[in-house]
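K.L.:
Chains as they are written, first to last, in this note's numbering: chain Y, 1 to 236; chain D, 237 to 472; chain W, 473 to 708; chain A, 709 to 944; chain P, 945 to 1180; chain S, 1181 to 1416.
The structure that follows is given in the form of structure tokens.
Right, dumping it as structure tokens:
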């Protein structure tokens, strides 16, 4: 297997990449037709931060951050660096020194199915990270990997230049060629949700708004009293 | 299997349900004779919030929140909605729109062995949740389940109308018919702990207060010097 | 097996033990030659707290905190109590009453591969803890164990008197006899990192500072354009 | 909390308890309306063994098998001993000596969310076990628990005298008062499956037998060619 | 999101698909340049079976096997059905009745990140399966999904028509367009390994055959006596 | 950190090392006073094999088997190679080629908290392995580690030359200096168990043999009828 660093990737439209942060990982995931969510194992180390940006991808050896160094050189303003070790790897692949380099280059955040260290410092310097593990365990710089090749992050495929949307609910990946569609659908969804929120605050409920009574009836769900329930159901 | 929504459940005494919040999940669990704790997998998404209320229970299909919508209609002021999917199910079963409906009806919180989404918004709106997972993954509304039937939440059985006590240590379930006993025992326990706390702050230790020296002696635990230890113990 | 409480352990130099807190678990772990880290399963219940101290060790039965009571009596100002149940044991081995005793005796923190309860109170009283689990589940006081014998905490061996360094990244153990070496190496490492941080903030990158280009070349990593990549690589 | 050994439990009908073994855990679980399955964490230590019997239940302290000794004395011919420690507890609660006692009394098998040891000997002596863990770790006999009280095994409630059905797919619990219903429904289900099996072996498929085409159509699932798919779907 | 069943997928060359079974998941994974392995969570339910075939892919809702029924109709002789629920889903998605249909159509095996039931029957009828879970838990047929779209199985992307190689070590996916390359590289690797095996059986070791002494020397690994080790290394 | 290969380790007495295999991991663990068990995560890939031997230890980088090659050269007849990666590492560190070398040198088995591959071949060639993972994932040979230094395997410390006892229950480590004590205690324990087994087969039970009735009485466990139980206990 040849390992490569791809140097001239095409990024998603920067305006769209920026605009998606407003909607967050859950709304954008819905807007894509319930796709692109990387799963609940990738968690933020901070609270209340919502970012988006274009992916610089890294395939790393477990416990080896050599290729992350190489990725920093390829990163531009507005990027998010996404690092996937070949297997689960609870190491601190980056700490505050690497975060300093990333922040200096305009990188908006770091996402990994491996781990990070110096979590207190990262929070203090305002550099957000989403990670499977926080770990002080140190890495080496001995093994080849690749930068800007397609990777699998949890349940999502990430190609270089895709959009990464991350917040307290985790990380959603928007394929580059679906960026415009995702933004439009997110805006539509947010508008509809805002309208519904007003009605819910006024006391309406989704059973009516979403017309769920016929669904329950079709599925044979019965409304019964406690007495009726105990008559027809034995214990458990 | 017939799926049902039970519409007229008997709730535990509301005054007691409210009063138990003060003591928290650990003290109430102890007061029940070390029972009712749902286990450490059900975690709060916020910090420093302590609630209690009466359970509206939901048995849901994994990744399907249809029955949670039905449960909201059955919920009263002072309730806690408790949702158990048939198996582990890291989906965002509810987000801020459903929380808005719950909050509007006076529901005090949401407890689940599944997952929630919009965690940042839930914290912002002050609607507390305890959950096995935070996940942006969206659900469907396709499959029947039941509302207000007995369910198993982690290691605890929850019957509709039972009391739910939840805080930073997790969730404890108080059977409806043990509510008064739980309150009385919690008060007694808290009083005793307050008295002990004063003595511990003054420098006494539990070895004396709890009379543990004879216990250790009975079990054959020996007090030795490092030199004696090394003489009689090989490595490890 | 005889169970013992060793009463006169030799502690690491107190000045050094105190001084190591400044550097944190990751730096000290690196300073030891990437050793001593207890692993990512032992997590803080609070954020932004950094401590160090000398270990009082406890080998406990699962779900039984008898020996923790015994350990408190052996603890001095500047100690950290480290408790390892024989197997994974998600119980609340200590709560605010035991923390009160520890705090009164000058114990700086509590570290365990078991669990703690009253997490909200522990945070409120400023007594820091690192733990595998937060759990309201109560323990008994029935089973013998030992105090101040060697234990295995995650991936690290802890001997009584060793130094415990704990912060948001987890827990690192410094063998007593390596204390001076660890401090010196931590200081050197911190100084070097500070110098590098200045250069990174000025725009330099680790690819240059760490001279990583020859490493990549030696490993055969190739820099290619997207077009070259697609020519030579099939999908995936 | 008072700990008890209940000495005169009512067992499910022995003939029915025996007859259910033939159908296995999956069919019986379906026959109960998809209920009673203890979940996939409780696994057999042997292959190809299918048993059923009446439950003698044990609530044990973690790592403490005292109450299992007490349960053996309460066990009759045709029973299955079911042991649930208060929390996950990967100890060898029983080995071949305890299995010898059980086998001598006609106990048909052992089920636990804790662990067993001497797994090779258990297989050799033909005493089947279902367990969350195989572990050589030894237990103590120090802590009170209860025999023949209701317990929670994985996702299932077990009351003493309930029927336990166990095979390579795991363990299903049949409430005592649903025993006759479970047998009848299992027989009906097995008969229907046998008829379907003949038709499937002859080449028919469930899309036709179960009339699933309208279901797919109602859900809006579209049959498309690869060319149509690529036209309308972007990558992913 | 539109759900689809793609009806005319292009499959990898059948001769190659068949030929790869001989080499097994580990060798083929190596032959692809250490790629395509689905990870250690997908395990065989039988021992000593090695298969390969072309993928019919299924994206299913958790706990819902509707789309597996649809996939069976699309399956040909020589296929392997690969089913990925949207999230972890420990249900028995298929049992012996569905396996009967698959076997009748020439399907060589079943691979899933969900679960299977009737594991004893599947082994008895010689229909092999690789799965994350064995579970008696029953599924429903209520929710839309897709057949023959790209899916993510553990760490591997599977496109319809790709080759699936499965044995006791797990599952490796060969992209359709790399089939010939994979076969050729597997044959070369197997030949080389056979030659080395002869030399190893004769007493040679890989330190010599692979010329590893200079690698160790370059990395600074030192050969020392126990006495030298103890002189230069403190405890741990 | 200097990495070393220690070349002249002192091994435990070979006769004792061999003799301990007969007793198995559970009995020897008990004989050591319930010590030395590596925990339930390290599982055999075969069934019914019981070995013992002297440890050659390896500290490896995750996903890197370089030091295992170095360890083979240090291994003698009667050794067991024990490999611990710095963190959890589900890779196939060894396969049949490395097992061939080990077997040729008289190595009795392989134990690891990482992973193995070619599991079918290892079983076929009769080379036993105990491992946390079976994985086809390939390793590299890039990173330094050490051979014959102390390591932590699950919950047990292993020093080079210690005795490794492994069977279907997992792996127990006997410190070299406790070898004679372990053998003697194992023999005594086995003799006692044999005597008890005869009495259990004759119908006696451990409640009598172990004199457990007073223990239960002291702990306050009460024998009650079902009627008494229901009178004094509310639900749950």
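From the three backbone atoms N, C-alpha and C, an ideal C-beta is built for every residue, glycine too.
1. Comparing C-alpha positions only, which one of W:524, W:520, W:544 sits nearest to residue 530 (chain W)?
2. Is there contact between the stretch 691-707 of chain W and the stretch 723-730 of chain A, where contact requires at least three CB pairs shorter than 8 Å?
3. Does DSSP put residue 371 (chain D) in a helix, in a strand, or in coil?
4. Would you please verify whether the beta carbon of residue 821 (chain A) is less than 7 Å from any beta carbon of chain S?
5. Could you tell me whether the Cβ atoms of residue 949 (chain P) and residue 931 (chain A) are closer together than 7 Å?
6. How many Å lie between residue 671 (chain W) and residue 604 (chain W) at the Cα?
7. Residue 172 (chain Y) lies in the alpha helix (DSSP H); which residues open and close that run?
8. Within 7 Å (strictly less), CB to CB, does residue 299 (chain D) reach chain A?
9. On the DSSP bridge assignment, give the partners of residue 698 (chain W) in chain order.
10. Taking only the alpha-carbon atoms, compute the straight-line gap between residue 576 (chain W) and residue 439 (chain D) and give it to the nearest angstrom.
11. Which residues in the same chain have their Cβ closer than 6 Å to the Cβ of residue 112 (chain Y), if we skip the five residues on either side of it in sequence?
12. Please report whether the beta-carbon of residue 795 (chain A) lies at a distance below 7 Å from any beta-carbon of chain W.
13. Whole angstroms are fine: how far does the CA of residue 870 (chain A) sit from the CA of residue 788 (chain A)?
14. Do residue 1112 (chain P) and residue 1299 (chain S) have their C-beta atoms within less than 7 Å of each other?
15. Distance, Cα to Cα, residue 1157 (chain P) vs residue 994 (chain P)?
16. Check distances from the C-beta atoms of the stretch 591-621 of chain W to those of chain A and list, in chain order, the residues that come in under 7 Å.
17. Check residue 385 (chain D) in the structure and name its three-state DSSP category.
18. Give the DSSP-derived three-state secondary structure of residue 871 (chain A) in the structure shown.
19. Is residue 1446 (chain S) buried or exposed, if buried means 16 or more other CB atoms sit within 10 Å of its CB?
20. Sort A:852, A:772, A:865 by Cα distance to residue 269 (chain D) and report the nearest one.
21. Would you please verify whether the beta carbon of residue 90 (chain Y) is less than 7 Å from any beta carbon of chain S?
22. Compare the C-alpha of residue 328 (chain D) against each of Y:175, Y:188, Y:39 and name the closest.
23. For a cutoff of 7 Å on Cβ pairs, would you count residue 544 (chain W) as touching chain D?
24. Inspect the beta-carbon positions of residue 371 (chain D) and residue 298 (chain D) and report whether they are closer than 7 Å.
25. What number of angstroms, rounded off, separates the C-alpha of residue 952 (chain P) from the C-alpha of residue 1040 (chain P)?
26. Give me the subset of the stretch 160-190 of chain Y whose CB atoms are less than 7 Å from a CB atom of chain D, sorted by chain position.
27. For residue 610 (chain W) and residue 343 (chain D), what's the separation of their Cα atoms in angstroms?
28. Pop quiz: residue 261 (chain D) and residue 401 (chain D) are said to be a contact at Cβ under 8 Å. What is the actual Cβ separation, rounded to whole angstroms?
29. Can you name the residues of chain Y whose CB is closer than 8 Å to the CB of residue 703 (chain W)?
30. So is residue 1280 (chain S) in contact with chain P if we call contact Cβ pairs under 7 Å?
31. Return helix, strand or coil for residue 120 (chain Y), following the three-state DSSP convention.
32. Please list the partners that residue 1190 (chain S) has in chain P, where partner means a Cβ-to-Cβ separation under 8 Å.
33. Under 7 Å between C-beta atoms, does residue 155 (chain Y) make it to chain P?
34. Report yes if the C-beta distance between residue 264 (chain Y) and residue 14 (chain Y) is below 7 Å; otherwise report no.
35. If I'm right that residue 42 (chain Y) touches residue 129 (chain Y) with Cβ under 8 Å, what's the distance once you round it to whole angstroms?
36. Beta carbon of residue 1045 (chain P), beta carbon of residue 1091 (chain P): below 7 Å?
P.N.:
A quick look at the data gives this:
1. W:544
2. no
3. Reduced to three states, the DSSP call for residue 371 (chain D) is coil.
4. no
5. yes
6. 38 Å
7. Careful: residue 172 (chain Y) lies outside any alpha helix (DSSP H), inside the beta strand (DSSP E) at 170-174.
8. By this cut-off, residue 299 (chain D) is not an interface position.
9. According to DSSP, which records beta bridges pairwise, residue 698 (chain W) is partnered with nothing at all.
10. 7 Å
11. 83, 131
12. With respect to chain W, the C-beta atom of residue 795 (chain A) has a partner C-beta closer than 7 Å.
13. 10 Å
14. yes
15. 36 Å
16. 609, 612, 614, 615
17. coil
18. strand
19. Since the first and last residues shown for chain S are 1181 and 1416, residue 1446 (chain S) lies out of range.
20. A:852
21. yes
22. Ranking the options by Cα distance to residue 328 (chain D), first place goes to Y:39.
23. Yes, residue 544 (chain W) lies at the interface with chain D (some Cβ there is under 7 Å from its Cβ).
24. no
25. 27 Å
26. 167, 168, 169, 170, 172
27. 29 Å
28. 5 Å
29. Neighbours of residue 703 (chain W) on chain Y: none; closest Cβ ~12 Å, over 8 Å.
30. Between residue 1280 (chain S) and chain P, the shortest Cβ-Cβ separation is below 7 Å.
31. helix
32. 1170
33. Yes, residue 155 (chain Y) counts as interfacial toward chain P.
34. This structure does not reach residue 264 (chain Y), given that chain Y is present from 1 up to 236, and the question cannot be answered.
35. Contact doesn't hold; Cβ gap of about 10 Å is too wide.
36. Not in contact: residue 1045 (chain P) and residue 1091 (chain P) (Cβ atoms no closer than 7 Å).
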